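Read the structure below first, then the notes.
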Amino acid sequence: MKHYKNIISGFPGAVALLDSSFLFMMVNDAFADQFHCEGVFFSAFGVDKDVFESYFARAKTTGDKVSFEWIDRQKKHLQAYEITVSYLPDEAAEYLVVVQNISSMIGNLKVLNEKTYELIQEKEQVKEIREINEKLRDFQLAIENSSHSMIITSLDGTIEFVNKGFEQNMGYSREEVVGKNSTVLQSAIPNNPVYKEITEVLKKKKTWIGELKNKRKDGSTIWEKATVSPIFNEEGKMYKFITVKEDIGKEKKILENLEASYKKLQELDKKKDEFVSVVSHELRTPLTVIQGYCSLFLDGNFGDMNENQKKYLTKILNNSQQLLGLVNDVLDLSKLEAKKMILDLKKQNFTAFLQNIHEDFALFYQEKKLSLIFDIQTAETMAFFDENKLRQVLQNLLSNAYKFTPEGKKVFLRLRLQDDDFFYCDVEDEGVGIPQDKIHTVFEKFSQVENPLQRQSEGTGLGLSIVKLLISEMKGSIVVSSEEGVGTKFTFAIPKNSVQSQQIHLDF
Numbered sequence: 001m002k003h004y005k006n007i008i009s010g011f012p013g014a015v016a017l018l019d020s021s022f023l024f025m026m027v028n029d030a031f032a033d034q035f036h037c038e039g040v041f042f043s044a045f046g047v048d049k050d051v052f053e054s055y056f057a058r059a060k061t062t063g064d065k066v067s068f069e070w071i072d073r074q075k076k077h078l079q080a081y082e083i084t085v086s087y088l089p090d091e092a093a094e095y096l097v098v099v100q101n102i103s104s105m106i107g108n109l110k111v112l113n114e115k116t117y118e119l120i121q122e123k124e125q126v127k128e129i130r131e132i133n134e135k136l137r138d139f140q141l142a143i144e145n146s147s148h149s150m151i152i153t154s155l156d157g158t159i160e161f162v163n164k165g166f167e168q169n170m171g172y173s174r175e176e177v178v179g180k181n182s183t184v185l186q187s188a189i190p191n192n193p194v195y196k197e198i199t200e201v202l203k204k205k206k207t208w209i210g211e212l213k214n215k216r217k218d219g220s221t222i223w224e225k226a227t228v229s230p231i232f233n234e235e236g237k238m239y240k241f242i243t244v245k246e247d248i249g250k251e252k253k254i255l256e257n258l259e260a261s262y263k264k265l266q267e268l269d270k271k272k273d274e275f276v277s278v279v280s281h282e283l284r285t286p287l288t289v290i291q292g293y294c295s296l297f298l299d300g301n302f303g304d305m306n307e308n309q310k311k312y313l314t315k316i317l318n319n320s321q322q323l324l325g326l327v328n329d330v331l332d333l334s335k336l337e338a339k340k341m342i343l344d345l346k347k348q349n350f351t352a353f354l355q356n357i358h359e360d361f362a363l364f365y366q367e368k369k370l371s372l373i374f375d376i377q378t379a380e381t382m383a384f385f386d387e388n389k390l391r392q393v394l395q396n397l398l399s400n401a402y403k404f405t406p407e408g409k410k411v412f413l414r415l416r417l418q419d420d421d422f423f424y425c426d427v428e429d430e431g432v433g434i435p436q437d438k439i440h441t442v443f444e445k446f447s448q449v450e451n452p453l454q455r456q457s458e459g460t461g462l463g464l465s466i467v468k469l470l471i472s473e474m475k476g477s478i479v480v481s482s483e484e485g486v487g488t489k490f491t492f493a494i495p496k497n498s499v500q501s502q503q504i505h506l507d508f
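Just so we're aligned, residue 1 is where the sequence shown starts under the numbering used here, counting upward by one.
If you want it as structure tokens, here you go:
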């Protein structure tokens, strides 16, 4: 013990010896000075077991020095210490404790940390400023090199900035306009009221968007789409205006040409309607007269005729009928396309109507040894349609089936009810069919499919176009399916009741 006392007494650092109960047995002068009390003070009181016991136990167990930091919070100014504990086996004093005050070191470290933090913050701020400057530079380049005209003015209208796009579009140099009032930029429309409108919008701190017709420096006009917006300062006060203008001269020219073309088309369409009306009237009258006289001659009203005379008169009658059919088709198509055809739509007996059609065509079909089979698959009878126009539709479809179906085959006229809103009518034949590359054209004007059963084509090629338009006018729809060598089926839907617009599903 005396040996340790001599060692720690001369040791410059704060040293203490503790027993197994963690009571101070001896401290040196440096220790007493460190804690501002006499050594006898430490021999009277032990250390706080809750704080230090685990460190002492580790030193005893491992036999190694154990160092830790301890902060004394009971003093006016916090003090920080580094404490090193060593276990002394086989000695009266079990623990050797060396204490070093590191408060000043921590204080310096704190200052260093603060300075380091400030430097990091400053570096980050410099980085942010550099990034902002780069973005500003990119933004300035985008404005300067934009093809749009950009103008910044003060509240009193003084021009403060224009870009290259303005110089190119308007013909003024930057030096000619900066510092001058924006009134130097002439409007192509004297006393244009739109400028008053712009002023009123800006007074409300809103953006104005519209079209302006202005003059370039050389006096030529330019149409521009303009956006005029207020600029606000940090206090939220409006202190400048920015105007962005796009040259829309080409678009305006295209629009003017389209409007002129549309007007011309309207005039041509009107002339076409007038021409069709006149031609139809002028042709129908003489054709009707020709047909009438031919019929009188063939009926023997003007005396007997030989076979040759009858043959040629029959040809005249047939051709005049074909020509009259063409005139009627052209007139109908013209009216339908112009939405000028008046339909007599009403609810009536659809089944009875189809029965009459079947009776009219059944005898005609027998001449070619064709069977026209009428198949009714519904007990309901009433539908909404125009009788004359639907007759025209079915006459066309049944005539086509007649022409394209070989002798001995069948044609079906079928009526079914697929849903609660529409009747579905099929005209299906066992004819030659339509080639797949032609089927999409059957409803087009003047579209004709080659018929191997006839040496030359008959008809105008307008029939199915008229059929589709008539069905559409009756708020219905029509589709076609076909297979060469098997046959063709046209299916159209007719509403049971008056409808404005409704989706129709047609299944084959």
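Here a beta-carbon is modelled for each residue, glycine too, at the ideal position from N, C-alpha and C.
Please read these numbers as outputs of a predicted model, since none were measured by experiment.
Same chain, Cβ closer than 7 Å to residue i, five either side skipped, listed in chain order
i: V276; result: V330, L331 and S334
i: F41; result: Because F41 carries a pLDDT of 41, less than 50, the predicted location of this residue cannot be relied on, and the following value inherits that uncertainty. Counting only Cβ-Cβ distances below 7 Å, and skipping sequence neighbours, we find nothing.
i: F56; result: F22, V85 and Y95
Where the beta strand (DSSP E) through residue i begins and ends
i: M170; result: First-last for M170: K164 to M170, but that is the alpha helix (DSSP H), not the beta strand (DSSP E).
i: E426; result: According to the sequence as given, residue 426 is Asp; it is not Glu. Where D426 is concerned, the enclosing beta strand (DSSP E) stretches over F422 to D429.
i: T491; result: G487 to P495
i: K240; result: M238 to D247
i: A226; result: T221 to F232
i: L17; result: A14 to L18
i: I151; result: S149 to S154
i: N214; result: W208 to K215
i: L417; result: K410 to L417
i: S482; result: S477 to E483
i: A80; result: Q79 to Y87
i: Q448; result: Q448 -> no beta strand (DSSP E), and no H or E assigned at all.
Buried versus exposed call for residue i [16 or more other C-beta atoms within 10 Å across all chains shown]
i: F302; result: exposed
i: V512; result: No information on residue 512 is available, as it lies outside the stretch 1 to 508 that the chain covers here.
i: G509; result: Since the first and last residues shown for the chain are 1 and 508, residue 509 lies out of range.
i: F45; result: With a pLDDT of 43 at F45, under the threshold of 50, the modelled position of that residue is not reliable, and no figure is offered here.
i: F422; result: buried
i: E259; result: exposed
i: G63; result: exposed
i: S20; result: exposed
i: Q34; result: buried
i: F52; result: buried
i: D429; result: buried
Which listed residue (the options) has its alpha carbon closest to that of residue i
i: R174; options: N181, N497, N163 and I373; result: N163
i: I189; options: V201, G219 and G431; result: G219
i: F24; options: L96, E307 and P406; result: L96
i: K340; options: D273, N356 and N396; result: D273
i: S371; options: V427, S465, D19 and E259; result: V427
i: L317; options: L345, I290 and N308; result: I290
i: L336; options: I376, G463 and I248; result: G463
i: L509; options: L298, I254, L326 and R130; result: This structure does not reach residue 509, given that the chain is present from 1 up to 508, and the question cannot be answered.
i: A383; options: E118, G292, S498 and S320; result: S498
i: F31; options: N133, K127, M238 and I8; result: I8
i: E450; options: R414, I102, K403 and F11; result: K403
i: T441; options: S103, C425, D419 and K468; result: K468
i: I357; options: N328, K368, I376 and L394; result: L394
i: I71; options: L413, A401, S104 and A59; result: S104
Range covered by the alpha helix (DSSP H) that runs through residue i
i: L363; result: F350 to Q366
i: D329; result: E307 to E337
i: T378; result: First-last for T378: undefined, no H or E at that position.
i: I471; result: G463 to E473
i: V393; result: E387 to K403
i: V178; result: Run containing V178: none; DSSP gives neither H nor E here.
i: K196; result: V194 to K203
i: A30; result: D29 to Q34
Rounded distance between the beta-carbons of residue j and residue i, thought under 8 Å
i: K487; j: G408; result: The sequence given here places Gly at residue 487; Lys does not occur at that position. Rounded, the Cβ-Cβ distance is 14 Å, inconsistent with contact.
i: F492; j: I471; result: 5 Å
i: K240; j: I152; result: 6 Å
i: V99; j: Y81; result: 5 Å
i: Q348; j: E307; result: The Cβ separation is near 46 Å, so there is no contact.
i: R416; j: T378; result: 6 Å
Spatial neighbours of residue i in its chain, beta-carbon cut-off 6 Å, leaving aside the 5 residues before and after
i: W208; result: I198, V201 and V228
i: F490; result: L397, V427 and V480
i: K245; result: S149, E224 and A226
i: G39; result: Per-residue confidence for G39 stands at a pLDDT of 45, beneath the threshold of 50, marking its modelled position as unreliable; the derived number appears in the next sentence. Contacts found: V27 and A32.
Own chain, CB closer than 8 Å to residue i, minus 5 neighbours either side, in chain order
i: V194; result: G210 and L212
i: L390; result: F353, L470, M474 and I494
i: G485; result: V432 and G433
i: K252; result: W223
i: R455; result: Per-residue confidence for R455 stands at a pLDDT of 49, beneath the threshold of 50, marking its modelled position as unreliable; no derived number is given.
i: Q355; result: F374
i: I143; result: M150 and N163
i: S320; result: L287, I290, Q291 and C294
Below-8 Å beta-carbon distance, residue i vs any chain C residue
i: G485; result: No chain C appears in the structure shown, which is made up of a single protein chain.
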